[in-house]
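Chemist: Reminder that position 63 of the sequence shown reads as 1320 in my numbering, one-by-one numbering, no gaps.
Pasting in a structure now, in structure tokens, and then I'll have a few things to ask.
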Amino acid sequence: MGTMPPGSGHAEDWCVKEQVDLIVNDAAEVVTVAPDRDSPLDGRPLTGPEMDDPAVLPGGALAMRAGQIVAVDTSERIAARFEAPAVCSARGGTVIPGLCDPHTHPVFDATREGEFDMRARGGTYLEITRAGGGIFSSVRSLREAPVERLRTRLVERCDRFLACGTTSIEAKSGYGLDLATELLALELLAEVGAAHALDIDPTCLAAHQIAPEYKHDRAGYVRLVAEQILPEVARRGLARSADVFCDEGAYTVDEARTVLAAARDLGLALRVHADELAPVGAAELAASMGAQTADHLVKITPAGIEAMGRAGTAPVLLPATCFSLRLREYAPARDMIDAGLAVTLATDYNPGTSYCPSMITVVSLACGLLGMTVAEALTASTRNAAATLGLPGVRGQLKAGAVADLVILDVSNHLFLGYQVGWNPVAAVIKGGRVAWMRHGFG
Ligand code: NIG
Ligand code: FE
């Protein structure tokens, strides 16, 4: 910085400004999700009352360089300190961290809108599954699909996530249920993830169901997953985590434990589809195995909440799934927040139970159905979700040193994230310090 001669005009006329790649300015609000503003950058999730503090900077702006946030400050101070070849006005909108979606199933072929209609006519998820629909129907269509079509569809879905303001996802295999097709799904995630702006943290969900050809030999399929599929996935480095669907109509607690123990021995992180349809003790199992997350949790018991709290297992709540399944019963988000759990939210994007790619819709549903505040739901969808992903850098908060993933919304404050439903407020998405998506006419 140069020094200003006495009696001079504006600081910017005299100071040598620091060069950055991109400045975003003129935001009504920059929602930092970093209430610990004055402490060093830290990717830890927020818990308890801290989840309800969005740490808004009114009139804010950001400077970015080499994929990272350099500074978050008022528009005036950013303009005084930095210059950039590209400046993007937020036009009085709201800037939030790039949304993180910690539970998706995007590798599938056919959609299953007919099942949604069957449920609207009174059918249940378990009845549809037992009649050969549900996950089994997606397994049939995936196994028969040409790879080129699967790739194209996955790319289109990644485009949708990005247009909804999501910059990082966890993504599962799980519609292959044999070695070759599970590997194919994970290879597609690696290939598409490497080329797309969206970052993908891959999970092997070979234990999504018992493969149809093992219908009469459940133990045989559990062995195949534990002794062949997971070891090969780990050997090829195709997944960071393994998941198992532990619930009524899916894996028993004992079967799930076998799968999780094998995955843990292979060095994979653990995630569990737990206690969605019945309180089978899957949350307790996840906690006892040191799982990173337990997901769904509609039927979790107080003992399950306590076990997760002790183990530091994060709940991933999926209200769009309850909505699509017409469950009319929801995970006890308030009890979890009160118990100090690092609650996260996700879409569960999949062809059967949640055809919803939008984390902003999930924020609305979390407010309306789970009794969360907008600030809590936003924390759960950004910083806390990011903390469960194995992606490099600190994500989900707007603070110097964090990955420069952010979203410009065409609303004047963050409360619209819950309040407004059925309109995508995303005007622009910045991924790693570059504009990755922009609404037509915004730029
Ligand atoms: O998370 N619960 C299990 N798995 C998915 C549903 C997948 C499907 O029905 O295709 C879920 O909701
Ligand atoms: Fe799921």
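Ideal placement from N, C-alpha and C gives every residue a C-beta, glycine not left out.
Using the Cα positions of residue 1331 and residue 1590, report the straight-line distance between them to the nearest angstrom.
Modeler: Distance between the alpha carbons of residue 1331 and residue 1590: 34 Å.
Chemist: Using 7 Å as the cut-off, classify the Cβ of residue 1358 as near or not near the heavy atoms of the ligand FE, replying yes or no.
Modeler: Answer for residue 1358: no, Cβ out of range of the ligand FE.
Chemist: Under 7 Å: does the beta carbon of residue 1667 sit that close to some heavy atom of the ligand FE?
Modeler: Outside the cutoff, so no.
Chemist: From the DSSP output, which residues share a beta bridge with residue 1280?
Modeler: Residue 1280 pairs with 1320, 1344.
Chemist: Just to check my reading of the structure: residue 1686 and residue 1419 have Cβ atoms closer than 8 Å, yes? What is that Cβ distance to the nearest angstrom?
Modeler: Confirmed, Cβ separation roughly 6 Å.
Chemist: Is there at least one non-hydrogen atom of the ligand NIG closer than 7 Å to the beta-carbon of residue 1557?
Modeler: No, the beta carbon of residue 1557 sits no closer than 7 Å to any heavy atom of the ligand NIG.
Chemist: The alpha helix (DSSP H) that contains residue 1580, what's its start and end?
Modeler: Start and end: 1576 to 1582.
Chemist: Among all the DSSP beta bridges, which residues are the ones paired with residue 1531?
Modeler: Note: residue 1531 sits in a beta bridge opposite 1503, 1553.
Chemist: Just the C-alpha distance for residue 1277 and residue 1315, rounded to the nearest angstrom, thanks.
Modeler: Spanning the two alpha carbons is a distance of roughly 22 Å.
Chemist: Give the secondary structure of residue 1467 by DSSP, where H, G and I count as helix, E and B as strand, and everything else as coil.
Modeler: It is coil, neither helix nor strand.
Chemist: From residue 1399 to residue 1434, what does the alpha carbon distance come to, in whole angstroms?
Modeler: Whole-angstrom Cα-Cα distance: 10 Å.
Chemist: Could you give the DSSP three-state label for residue 1313: helix, strand or coil?
Modeler: Correct three-state label for residue 1313: strand.
Chemist: Check whether the Cβ of residue 1295 lies closer than 7 Å to any heavy atom of the ligand FE, and answer yes or no.
Modeler: No.
Chemist: For residue 1606, list the residues DSSP reports as bridge partners.
Modeler: Answer by DSSP bridge pairing, in chain order: 1361.
Chemist: Quick one: what's got a C-beta closer than 7 Å to residue 1459's C-beta in the same chain, skipping five residues either side?
Modeler: For residue 1459, where only same-chain residues beyond five positions count, the Cβ hits under 7 Å are 1428, 1443, 1446, 1447, 1495, 1496, 1497.
Chemist: Are the CB atoms of residue 1378 and residue 1210 within a distance shorter than 8 Å?
Modeler: Absent from the structure is residue 1210, since the part of the chain shown begins at 1258 and ends at 1700.
Chemist: Could you check the C-alpha separation between residue 1692 and residue 1468 for me, to the nearest Å?
Modeler: Cα to Cα, the separation comes out at about 42 Å.
Chemist: Report the rounded CA-to-CA distance for residue 1613 versus residue 1514, giving the unit in angstroms.
Modeler: Using only the alpha carbons, I get a separation of about 30 Å.
Chemist: What would DSSP say about residue 1669, mapped onto helix, strand or coil?
Modeler: The answer is coil: DSSP assigns residue 1669 none of H, G, I, E or B.
Chemist: Should the region 1522 to 1537 be regarded as contacting the region 1616 to 1635, the criterion being three or more beta carbon pairs within less than 8 Å?
Modeler: Counting Cβ pairs under 8 Å, fewer than three are found: no touch.
Chemist: Over what stretch of residues does the beta strand (DSSP E) that includes residue 1328 continue unbroken?
Modeler: Unbroken beta strand (DSSP E) run through residue 1328: 1325 to 1331.
Chemist: If contact is defined by three or more beta carbon pairs under 8 Å, each pair taking one atom from either stretch, is the region 1661 to 1673 in contact with the region 1344 to 1355?
Modeler: In short, these stretches touch, since the Cβ pair count reaches three.
Chemist: Quick one: Cα of residue 1470 to Cα of residue 1499, how far?
Modeler: Those two C-alpha atoms are separated by around 22 Å.
Chemist: Residue 1243: which of 1334, 1347, 1329 sits nearest, CA to CA?
Modeler: With the chain represented from 1258 up to 1700, any question about residue 1243 goes unanswered, as that position is not in the structure.
Chemist: Restricting to runs no shorter than 4 residues, where is the alpha helix (DSSP H) found entirely within the region 1364 to 1446?
Modeler: Within the region 1364 to 1446, the complete alpha helix (DSSP H) runs of at least 4 residues are 1370 to 1377, 1382 to 1387, 1392 to 1401, 1404 to 1420.
Chemist: How far does the beta strand (DSSP E) with residue 1691 in it extend, from its first residue to its last?
Modeler: Per DSSP, residue 1691 belongs to the beta strand (DSSP E) from 1691 to 1695.
Chemist: For the alpha helix (DSSP H) that residue 1701 lies in, which residues bound it at each end?
Modeler: Look at the range of the chain in this structure, 1258 to 1700, and you will see that residue 1701 is not part of it.
Chemist: Can we say the region 1639 to 1657 touches the region 1674 to 1681, given the rule of at least three CB pairs closer than 8 Å?
Modeler: No, the region 1639 to 1657 is not in contact with the region 1674 to 1681.
Chemist: Taking only the alpha-carbon atoms, compute the straight-line gap between residue 1643 and residue 1304 and give it to the nearest angstrom.
Modeler: Going from the Cα of residue 1643 to the Cα of residue 1304 covers about 14 Å.
Chemist: In angstroms with no decimal places, state the Cα-to-Cα distance between residue 1367 and residue 1329.
Modeler: Distance between the alpha carbons of residue 1367 and residue 1329 is about 44 Å.
Chemist: Closest by CA to residue 1503, which one among 1462, 1273, 1671?
Modeler: It is 1462.
Chemist: Within a Cβ cutoff of 7 Å, which residues of the same chain sit near residue 1584, ignoring the five residues on either side of it in sequence?
Modeler: The answer, listed in chain order, is 1555.
Chemist: Taking just the CA atoms, how far does residue 1275 sit from residue 1260?
Modeler: Per-residue confidence for residue 1260 stands at a pLDDT of 39, beneath the threshold of 50, marking its modelled position as unreliable; no derived number is given.
Chemist: Out of curiosity, what's the CA-to-CA distance linking residue 1695 and residue 1684?
Modeler: Residue 1695 and residue 1684: Cα-Cα distance of roughly 6 Å.
Chemist: Which value, in whole angstroms, describes the spacing of the CA atoms of residue 1571 and residue 1300?
Modeler: Residue 1571 and residue 1300: Cα-Cα distance of roughly 14 Å.
Chemist: Is any non-hydrogen atom of the ligand NIG found closer than 7 Å to the C-beta of residue 1473, if you look at the structure I gave you?
Modeler: Checking every heavy atom of the ligand NIG against the Cβ of residue 1473, none is found closer than 7 Å.
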